[in-house]
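K.L.:
Residue 96 in the working numbering is what sits at position 95 of the sequence shown, and the numbering runs on without skipping anything.
Would you mind keeping the following structure in view while I ask a few things?
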Amino acid sequence: MSTEKDIKNTSLINDDLAPISQEKRKWGTWNYAALWISMSLCIPTYMLASSLIDGGMNWWQAILTIFLGNSIVLIPMILNGHAGAKYGIPFPVFARASFGVRGANIPAMLRAIVACGWFGIQTWIGGYAIYQMLRLWIPSLETLPKIFPAWSGLTTGPAICFFLFWLLNMFIVYLGVESIRK
Numbered sequence: 002m003s004t005e006k007d008i009k010n011t012s013l014i015n016d017d018l019a020p021i022s023q024e025k026r027k028w029g030t031w032n033y034a035a036l037w038i039s040m041s042l043c044i045p046t047y048m049l050a051s052s053l054i055d056g057g058m059n060w061w062q063a064i065l066t067i068f069l070g071n072s073i074v075l076i077p078m079i080l081n082g083h084a085g086a087k088y089g090i091p092f093p094v095f096a097r098a099s100f101g102v103r104g105a106n107i108p109a110m111l112r113a114i115v116a117c118g119w120f121g122i123q124t125w126i127g128g129y130a131i132y133q134m135l136r137l138w139i140p141s142l143e144t145l146p147k148i149f150p151a152w153s154g155l156t157t158g159p160a161i162c163f164f165l166f167w168l169l170n171m172f173i174v175y176l177g178v179e180s181i182r183k
């Protein structure tokens, strides 16, 4: 018979993979809905809407297209997150049911790669938006000396704003998932 100490010493479970008890779960329907809405209403969404309008759609067609796209994406998100919300288990543990203990690393890593890519896109766009605002107040931001090699295509001002926006995001990550619930 294994003891609690034996279970804690295994690589199959840790604090991040352990189920969250019902008493510790604080997210409700409103929190999930607010998260989905905030993920749907972001700068890249506005950029997509403007490009649809630029491509020939009128404003209501662009909004309808984006709403439809977000609603379609919502279905697999709900199916994917249902077990986590109901049983308090993270995705990698849920994936073990389909892929096995070792195989669950594949969808978890694929999900992480997509998340990193999307985080990079969002961070670059957010940093560039900050750059555009700051250069109105600090015009010398445009003429900072180049510190990156020419092949990178990076100019100093936007890169600094990207890193500042990235640091802000890392602070929010450091605060934990409860910080975005609030």
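Ideal placement from N, C-alpha and C gives every residue a C-beta, glycine not left out.
Here the structure is a predicted model, which is why all the values come from computation and not from measurement.
In whole angstroms, what separates the C-alpha of Val94 from that of Thr11?
P.N.:
Straight-line Cα distance between these residues: approximately 14 Å.
K.L.:
Are Pro20 and Gly89 touching if we call contact CB-CB under 8 Å?
P.N.:
Yes; because the gap between Cβ atoms is below 8 Å, this pair is in contact.
K.L.:
Should the stretch 121 to 141 be called in touch with the stretch 162 to 180, which here means at least 3 C-beta pairs below 8 Å?
P.N.:
Flag = yes, the stretch 121 to 141 and the stretch 162 to 180 touch.
K.L.:
Can you tell which of Phe92, Leu65, Gly29, Leu42 has its C-alpha closest to the C-alpha of Glu179?
P.N.:
For the residues Phe92, Leu65, Gly29, Leu42, the minimum Cα distance to Glu179 belongs to Gly29.
K.L.:
Taking buried to mean at least 16 other C-beta atoms within 10 Å of its own C-beta, is Gly121 buried or exposed?
P.N.:
Counting Cβ neighbours within 10 Å, Gly121 comes out exposed, since fewer than 16 surround it.
K.L.:
Taking only the alpha-carbon atoms, compute the straight-line gap between Leu142 and Leu135 and give it to the nearest angstrom.
P.N.:
Looking at the two C-alpha atoms, the distance is approximately 8 Å.
K.L.:
What does the Cβ neighbour count give for Cys162, buried or exposed, with the cut at 16 atoms within 10 Å?
P.N.:
Buried is the call here.
K.L.:
Kindly list the residues whose CB is nearer than 7 Å to the CB of Thr1, restricted to its own chain and excluding five residues on each side of it in sequence; keep chain order.
P.N.:
Within the shown structure, residues of the chain are numbered from 2 to 183, placing residue 1 beyond reach of any answer.
K.L.:
Considering only residues of the same chain and omitting the five flanking positions on each side of Trp60, which have a CB-CB separation below 7 Å?
P.N.:
Excluding sequence neighbours, Trp60 sits near Ile54.
K.L.:
Can you tell me whether DSSP reads Asn59 as helix, strand or coil?
P.N.:
The answer is coil: DSSP assigns Asn59 none of H, G, I, E or B.
K.L.:
With DSSP run on the structure shown, which of helix, strand or coil describes Arg97?
P.N.:
The answer is helix: DSSP assigns Arg97 an H, G or I state.
K.L.:
Here's the rule: buried if 16 or more other CB atoms are within 10 angstroms of the residue's CB, otherwise exposed. What is Ala98?
P.N.:
Looking at its Cβ environment, which holds fewer than 16 other Cβ atoms inside 10 Å, Ala98 is exposed.
K.L.:
I need the straight-line Cα distance from Asn15 to Trp138, nearest angstrom please.
P.N.:
Whole-angstrom Cα-Cα distance: 48 Å.
K.L.:
For the alpha helix (DSSP H) that contains Thr144, what are its first and last residues?
P.N.:
Looking at the DSSP string, Thr144 is not in any alpha helix (DSSP H), and its letter there is neither H nor E.
K.L.:
Return the first residue and the last residue of the alpha helix (DSSP H) that Gln123 is part of.
P.N.:
Here the alpha helix (DSSP H) through Gln123 covers 106 to 138.
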